[in-house]
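Peer 1:
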Amino acid sequence: MTTKRREATRDRLVEAARELLAEIGIQGATVEAICERAGFTRGAFYSNYASKDELIVDLFAREKTQVLAFMQAAVEAEVSGDEGVPAAVRIAERFLEAYPHDRTSFLVHLEFITHGIRQRAVAEIHRQLWAEARADMQRVLEGGAALLGGRLVVTPEQAVTVLIGAYELAMRDALLDSEENEADLSRLRELIPALLTAFIARG
11 MTTKRREATR
21 DRLVEAAREL
31 LAEIGIQGAT
41 VEAICERAGF
51 TRGAFYSNYA
61 SKDELIVDLF
71 AREKTQVLAF
81 MQAAVEAEVS
91 GDEGVPAAVR
101 IAERFLEAYP
111 HDRTSFLVHL
121 EFITHGIRQR
131 AVAEIHRQLW
141 AEARADMQRV
151 LEGGAALLGG
161 RLVVTPEQAV
171 TVLIGAYELA
181 MRDALLDSEE
191 NEADLSRLRE
201 LIPALLTAFI
211 ARG
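Written as structure tokens, this is what we have:
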């Protein structure tokens with residue numbers, strides 16, 4: 011019960027931090043503000059995390075795990091469905107359905123980046139986590155190419171760099187153009203299959 015209660019406390023602290031990061035940024039999301047949002051005392055916070063940075067790293071790791079699970083599910087989805095729809099298009103559709111595309115998720119993502127750039131003391135931690143995330147994405151992409159019966163004609167690192175860039179640009183434009191919480195990724199829905207087709211050689 012103690013372990014379950016502790017995990018529940020950590021979950022609430024992480025979720026409170028996530029909300030505040032999106033609303034006011036990492037600088038404004040103080041330990042006091044996080045505790046108030048989660049409904050805990052500072053004592054409860056420090057019994058779970060040594061610092062705000064440690065909590066932020068935990069949040070980053072959880073977000074990374076969730077995103078990779080979404081990606082893995084997308085490329086492992088059944089690709090032999092509608093014969094009139096190319097497999098790359100079906101994978102892209104599943105990917106976009108599962109991948110976070112709400113305003114809060116994107117704002118939290120941007121806060122991770124700016125925090126790592128501003129705070130050199132934690133930059134290496136962020137760099138390591140990003141490196142792990144990119145490596146995992148590269149493995150998922152290579153697996154996707156194999157499922158499509160082909161091979162990558164660019165390096166996995168190059169492919170992932172382009173796909174991440176396309177996603178971030180599409181999210182930025184969509185959220186700047188609209189006040190809706192959910193981003194309209196119709197352009198990205200067309201772009202991803204084109205990129206997959208360009209990156210993957212058959213046979």
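In the working numbering, the protein residues as written are 11 to 213.
C-beta atoms are modelled at their ideal positions from N, C-alpha and C, and glycine is treated no differently.
A quick note: this is a predicted structure, and the numbers were derived from the prediction, not measured.
1) Tell me which residues share the same chain as residue 44 and place their Cβ nearer than 8 Å to its Cβ, disregarding the 5 neighbours each side in the sequence.
2) Residue 138: which of 38, 19, 74, 52 sits nearest, CA to CA?
3) Going by DSSP in three states, residue 91 sits in which element: helix, strand or coil?
4) Quick one: give me the first and last residue of the alpha helix (DSSP H) that residue 184 is part of.
5) Helix or strand or just coil, what does DSSP make of residue 194?
6) In whole angstroms, what separates the C-alpha of residue 111 from that of residue 130?
7) Under 8 Å between the Cβ atoms of residue 193 and residue 184?
8) From which residue to which residue does the alpha helix (DSSP H) around residue 54 run?
9) Looking at residue 180 and residue 198, is the spacing between their C-beta atoms short of 8 Å?
10) Using the beta-carbon count (16 or more within 10 Å), is residue 150 buried or exposed?
11) Tell me, please, which residues DSSP counts as bridged to residue 212.
12) Have a look at residue 166 and residue 19 and give me their C-alpha separation to the nearest angstrom.
13) What is the rounded straight-line gap between the Cα of residue 95 and the Cα of residue 114?
14) Would residue 117 and residue 32 be called neighbours here (beta carbons separated by less than 8 Å)?
15) Determine the direct distance from the alpha carbon of residue 172 to that of residue 126, and round the result to whole angstroms.
16) Relative to the C-alpha of residue 202, which candidate in 187, 59, 178, 189 has its C-alpha closest?
17) Which residues in the same chain as residue 40 place their Cβ atom closer than 8 Å to its Cβ, once the five residues preceding and following it in sequence are excluded?
Peer 2: In short:
1) Taking the sequence shown and counting its residues from 1, the one referred to as residue 44 is at position 34. 23, 26, 27, 30, 55, 62, 65, listed in sequence order.
2) Taking the first residue of the sequence shown as position 1, residue 138 is located at position 128. It is 74 whose Cα lies nearest to the Cα of residue 138.
3) Within the sequence shown, numbered from 1, the residue matching residue 91 stands at position 81. Since pLDDT at residue 91 reaches only 49, below the 50 mark, its modelled position is unreliable, and the value read off the structure follows with that caveat. It is coil, neither helix nor strand.
4) Looking up residue 184 in the sequence shown gives position 174. Note, residue 184: alpha helix (DSSP H), 166-187.
5) On the sequence shown, residue 194 is found 184 positions in, with the first residue counted as 1. Three-state DSSP puts residue 194 in coil, outside helix and strand.
6) Taking the first residue of the sequence shown as position 1, residue 111 is located at position 101. Taking the first residue of the sequence shown as position 1, residue 130 is located at position 120. Distance between the alpha carbons of residue 111 and residue 130: 29 Å.
7) Looking up residue 193 in the sequence shown gives position 183. Looking up residue 184 in the sequence shown gives position 174. Yes, Cβ-Cβ distance for residue 193 and residue 184 is below 8 Å.
8) Taking the first residue of the sequence shown as 1, we reach residue 54 at position 44. Unbroken alpha helix (DSSP H) run through residue 54: 52-56.
9) Here residue 198 is taken as the residue at index 188 of the sequence shown, counted from 1. Here residue 180 is taken as the residue at index 170 of the sequence shown, counted from 1. Closer than 8 Å, so yes.
10) As a working mapping, residue 150 is identified with position 140 in the sequence shown. Buried, since its Cβ has 16 or more Cβ neighbours within 10 Å.
11) As a first step, residue 212 must be located in the sequence shown, where it is residue number 202. BP columns for residue 212 point to 160.
12) Counting from 1 along the sequence shown, the entry for residue 166 is found at position 156. Counting from 1 along the sequence shown, the entry for residue 19 is found at position 9. The alpha-carbon atoms of residue 166 and residue 19 are separated by roughly 38 Å.
13) In the sequence shown, residue 95 corresponds to position 85, counting from 1. In the sequence shown, residue 114 corresponds to position 104, counting from 1. Model confidence at residue 95 stands at a pLDDT of 49, short of 50, so the residue's coordinates are unreliable; what they give is reported in the following sentence. Each residue's alpha carbon lies about 32 Å from the other.
14) The count along the sequence shown starts at 1 and reaches residue 117 at position 107. The count along the sequence shown starts at 1 and reaches residue 32 at position 22. It is a contact, given that the beta carbons lie within the stated cut-off.
15) Sequence index remark: in the sequence shown, residue 126 carries index 116 (1-based). Sequence index remark: in the sequence shown, residue 172 carries index 162 (1-based). Using only the alpha carbons, I get a separation of about 21 Å.
16) Along the sequence shown, read from residue 1 onward, the residue named residue 202 stands at position 192. Considering only alpha carbons, the answer is 178.
17) In the sequence shown, counting from the first residue as 1, residue 40 sits at position 30. 62.
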